Structures are given as C-alpha cells and as structure tokens.
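For the sequence shown, numbering that gives the first Met the number 0 assigns the number 0 to the initial residue and increments by one for each residue that follows. All residues carry an ideal CB built from backbone N, CA and C; glycine is no exception. Being a predicted model, the structure only gives us computed values, none of them experimental. Here's the structure, in structure tokens; my notes come after.
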Amino acid sequence: MAGIGFQLKRLFDREGLFGRVQAISYASLVTVGPILSCMAAVAVVHWLLVAEMAPYRARELFQAGTAYAFAFSFIVAAPFSMLFTRLASDQLYEQRCDELLPTFYGSLQVALGCASVPAAAFLLLAPLELAEKLALVVLYMELTVIWMGVVYVSAMKAYRRIAGAFFAGMLLAMVAVWLYVRLEGERLAALFAGFAGGFFVTAAVLLWEVERFFRTPRPASPYGFVRDMRRYPSLLAIGLLTAVSMYAHQFAQWAFHGEWLEGTFRLTPEYDVAVYYAVLSVLPTLVWFVVSVETAFYPKYRQYYDAILGQGTILEIDRARREMEQVLIGELAKLMGIQLVFSLVAVACGIRYLPYIGFTAEQVDTFNILVMAFYVYIMNSVSLLLLLYFDDRKGALALSAIFLAANVAASWALRDVEYQGLSLFAASFPVLAATLGRLIYRLRRLHYATFSAQPLVLREHARMRGRAG
C-alpha cells in the first residue's frame, strides 16, 4: 500500500483530532470501502428478496450462488494476487514501469484461465438452467477480475475513483434486483444477470483505470512476468494456503452438516449467515493495519534498509533495527488491543440485536465464537504479512501449511454441531503463537538474514568469468 502512505502522513501531520479522523476515514475508504460495498450489496439484495416476498427458490439460490462465487473467485485469485503484488512492487522500485501493464494483463489471463476450469465443470455438471449457470459464471469471472485489479489500486493512487466504481456498481446491482422483485420476475437468470451487471460496471471501470494509468508508448511483452515468477514460487503457495484456510471451517460445515440445494450447492444456511456477520467484526484491523504500517512502521523499515544501502556503520544499522523492532512490536500490540475492543463490542451487539433479524439463540452463540475466532485469524494473517515484509518466505510458507493442516484437523475433531465455530479458533490460536515467535526470531536475526541472502561469491565468480571471456 505504498501509494496511500504519503496521503496518510500528510493527514496525520495535521494537528488535532480532525486530522486523525480524516486519515482514518481515508484509510477506511481505500482498504475496506470496496469489500464493504460488496458485502452491503449482498445483504441489501437479500433483504429486498425477503421483504418483497420473492420466490423461496430465488432467495435460496441467490444466497448460495453469491457465496460460492465470492469464495471460489477469492481462492483462485489469491495466489496470483500475492505473487503479483510482489512483482508490481519490484517493477515500481526498479522503475520498470513499461512492464506493469503487460504484467497485469498476463497475470489476468493466467488467473482467468485457472478460474475457467471450475467454471467449465459447473456449466457441465450443475443441474440448473443454462441461463442461470451462465449468469453465475459471469459473476464469478467478474469477481476474479476485481480481485486481480485491486492489486494495482495502491500504485494508481486513484482511490476515490476506484471506490466510486465499487459503490456505483453495487448501487446498480441493488437497483436491478429491486426492479426484478417489483416486476415480479419469475426467471431466476434475470436476477443473477442484474446482480452481475453491477459487478460488470465495477470490473470495467477498474480495468479502464489500470489501462489509463499504466499505459506506456512501448509496452513490454505480456509474458515477461514468467521470468520473474521463478524467483517467488513460494508466494503462489502462500496465497493459496491462506485463502483455503479462511474457508476451510466453512467447507467442513458444508461437508458434515450441509444440505444440498437444487443438487448443486452444499450449504449450512444458519452457519453461513453467522460467518458473514462475524467477518464484519475484523474490518477495523484492515483499516488500522494500513494506517499503522504506513505512518509508523514503514518509515523505520525504510530507515533500516537505507542505512544498509547507504553504507551506514554497523552501530547505525543496529540502532535502526532496534528502533524498527520496538515500533513494530508496539504497533502490533496496539492493533491487537484495538481489534479486541471491537470484537467485544461486536459480541455485545450481537447478543442484543441479532435476534431482531431472525438469529436463534444457537446462531448467536455461534456468532460470538466466530467473532473471537476471526480475531485470532486476522492477527495471524497480519503477522504472516509482516514476515513477508522481511522476505521470510520459507517461514511464511511453512506456517501457512501448518495453519491449513490445523484447520482441517480441528474441523474434523470438532465436527459435532455443538462445536460450530470452535475449529477456526482452535486452529488459529496455536498458529498465531508460532507466527509471532517466528516474527520475533526473524527480527532478532535480521542482520544475518539480510546479509547472508546476498550471493556475493556467485556474483564475484560470474564477474571474473565475464572478464575472462
């Protein structure tokens, strides 16, 4: 999120509470505005279908279809998003701006190619009407494009226009569904097509902004990124493992306690709704992590590596490392405290207000467990991202694999209905402790990790061979 940093620093430098409120509001718009608009659109559309007494089949298939489209598009896009975030950062740092747009289009082709495999299986095997399946596949592909395009939003710095594209697309989707229920539509394909139309607007504007911002007179080859991919294969695995881990507990519920809908979707409606609302409780972490990284941690991070690249003395480098470690641990502790407060508030609000929207006592209990589970999960995700800041890809890969294995094991051990939601907490808590331990270990040995990673002998050997030639 390097692009947002300058704007946040300028806002935080203003004196008084107003500047801080502006900075946090700006970070909220950039980080959670898009995803919040998507989630709000799904919630409003579902409310419209219920309020207007749309056919039961329409309500159930809409909930199931959108849940599957969001989940599997995210899983497909996550490995490439993780990898191409790193590649885009390298290209920006090395001023290879002519490669940014071709890399984006190349990565988009690869992601859509992978996404087309489950889409083709769905078209061939799902016992729905062809028009309904096509509309859902279009929505799934649009979401894949959006997840990939968001990687470049930070570099573009066109936050307001991108946020406006999300809000406009979601508004169009809601209006289309409202017209569907008002006109008493009977064809479910029209409902899916109207909802997908809103996401088409968002995806189209996002692609247009990327094209407009990164267009160069002499673009590079669209497949030049394949050369760079060989440097970071572990990022693909990290992205895939963390994405699957996010949904593993839900997949387990579908497998153990789910019911088939139209012979196509496996669901546990009560659990899925509780998950949807529990996810909202961790949005403050997404906002404050960006604020914290850009205004407190990154300046110290940059100072440390500037001291190394600028031929600072060992005392200056060590002092910069200690300052960076102190700031990072302090900001991480602050982040945990802030999220804990919001999670407790979410639990209290859930107990008080969720019964008004139809939650049963069992669903409220499940929601409360999931809120605390997602608290631990999001802290673990943040810690894994911080490991990647220090290029600890081996550690992040190992911890991501352990996290997924722990999720699967806990989901199997706690598969009974009375333990709903506990599996994610049980898997996340020990892995969080291990991740924090790895982060501190990496910080304490950062000098060794930084300097030993340089292939000095190989470079000298290559240079001598060049002279000999």
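Notebook entry, point to check: What does DSSP give as the partner residues of Glu258 in its beta bridges?
Noted result: Leu266
Check: Going by Cα to Cα distance, which pick from Lys393, Ala70, Pro101 and Ala195 is closest to Val243?
Finding: Ala70
Notebook entry, point to check: For Phe389, does the three-state DSSP call read helix, strand or coil?
Noted result: coil
Check: Thinking C-beta only, is Ala66 closer than 9 Å to Phe191?
Finding: No, these two residues do not count as a Cβ contact at 9 Å.
Check: With respect to the alpha helix (DSSP H) encompassing Tyr151, which residues constitute its N-terminal and C-terminal limits?
Finding: From DSSP, Tyr151 is part of no alpha helix (DSSP H); its letter is neither H nor E.
Next item on the list: Spatial neighbours of Thr434 within its chain, please: CB distance less than 8 Å, with the 5 preceding and 5 following residues excluded, ordered by chain position.
Entry: Asn379, Ser382, Leu383, Leu386 and Leu398
Checklist line | Nearest neighbour of Phe477, chosen from Leu413, Asp97, Tyr231 and Phe288 [CA to CA] | finding: No answer is possible for residue 477: the residues shown for the chain start at 0 and end at 468.
Margin query: I'd like to know whether the C-beta atoms of His256 and Asn406 end up nearer to each other than 9 Å.
Written below: no
Notebook entry, point to check: With a CB to CB cut of under 6 Å and the five nearest residues on each side skipped, what residues in its chain are close to Pro78?
Noted result: Leu235, Gly238 and Leu239
Notebook entry, point to check: Relative to the alpha-carbon of Leu423, which residue among Lys132, Glu322, Met81 and Asn367 has its alpha-carbon at the smallest distance?
Noted result: Asn367
Margin query: So, does the stretch 40-56 touch the stretch 114-129, judging by three or more C-beta pairs under 8 Å?
Written below: no
Next item on the list: With a cut-off of 8 Å on the beta carbons, I'd call Phe194 and Val176 a contact; round off their distance for me.
Entry: 6 Å
Check: How would you label Ile316, buried or exposed, when you count the other beta carbons within 10 angstroms and need 16 or more for buried?
Finding: buried
Notebook entry, point to check: Run through DSSP, which three-state label would Thr449 get?
Noted result: helix
Checklist line | Ala167 versus Thr201, Leu334, Leu135 and Ala189, residue with shortest Cα-Cα distance | finding: Minimum Cα distance to Ala167 is reached at Thr201.
Next item on the list: Identify whether Leu182 lies in helix, strand or coil by the three-state DSSP scheme.
Entry: In the structure shown, Leu182 adopts coil according to DSSP, grouped into three states.
Check: Between which two residues does the alpha helix (DSSP H) carrying Asp89 extend?
Finding: Tyr55 to Tyr92
Check: Roughly how many angstroms separate the alpha carbons of Val340 and Leu129, rounded to a whole number?
Finding: Cα to Cα, the separation comes out at about 48 Å.
Item checked: Inside the stretch 99-127 only - alpha helix (DSSP H) runs reaching at least 4 residues -> 99-124
Notebook entry, point to check: Where Thr449 and Ile439 are concerned, what is the direct C-alpha to C-alpha distance, given to the nearest angstrom?
Noted result: Approximately 15 Å, taken between the alpha carbons.
Notebook entry, point to check: Alpha carbon to alpha carbon, what distance is there between Glu141 and Leu178?
Noted result: 22 Å
Notebook entry, point to check: Measuring CA to CA, which of Glu210, Gly357, Ala251 and Ala426 is closest to Ala372?
Noted result: Ala426
Notebook entry, point to check: Would you report the Cα separation of Ala188 and Ile74, rounded to the nearest angstrom?
Noted result: 25 Å
Next item on the list: Evaluate Trp146 with the Cβ neighbour count: other Cβ atoms within 10 Å of its Cβ, from every protein chain shown; 16 or more gives buried, anything less gives exposed.
Entry: buried
Next item on the list: Return the first residue and the last residue of the alpha helix (DSSP H) that Tyr440 is part of.
Entry: First-last of the alpha helix (DSSP H) with Tyr440: Leu421 to Arg443.
Margin query: I believe Gln252 touches Thr267 by the beta-carbon criterion, under 8 Å. Please report the beta-carbon distance rounded to the nearest angstrom.
Written below: So it is a contact: roughly 5 Å between Cβ atoms.
Margin query: Please state whether the Cβ-Cβ distance between Gln302 and Ala277 is less than 9 Å.
Written below: no
Check: Thinking just about the alpha-carbon of each residue, which of Leu334, Phe402 and Gln325 is nearest to the one in Ala432?
Finding: Phe402
Check: Which parts of the stretch 300-334 are runs of the beta strand (DSSP E), unbroken and 3 residues or longer, counting only runs that do not cross its ends?
Finding: Not a single unbroken stretch of the beta strand (DSSP E) spanning 3 or more residues falls wholly within the stretch 300-334.
Checklist line | chain B contact for Leu282 (CB, 9 Å cutoff) | finding: Among the chains of the structure shown, chain B does not appear; only one protein chain is present.
Checklist line | Top-ranked residue by Cα proximity to Met81, from Glu51, Leu60 and Ser106 | finding: Ser106
Next item on the list: Give me the Cα-Cα distance between Ser451 and Ala400, rounded to the nearest whole angstrom.
Entry: 25 Å
Item checked: Spatially closest choice to Pro470 from Gln90, Ala63, Leu170 and Val180, by CA coordinates -> Nothing can be reported for residue 470, as the shown portion of the chain is limited to 0 through 468.
Notebook entry, point to check: How many Å lie between Gly357 and Glu269 at the Cα?
Noted result: Roughly 10 Å between the two C-alpha positions.
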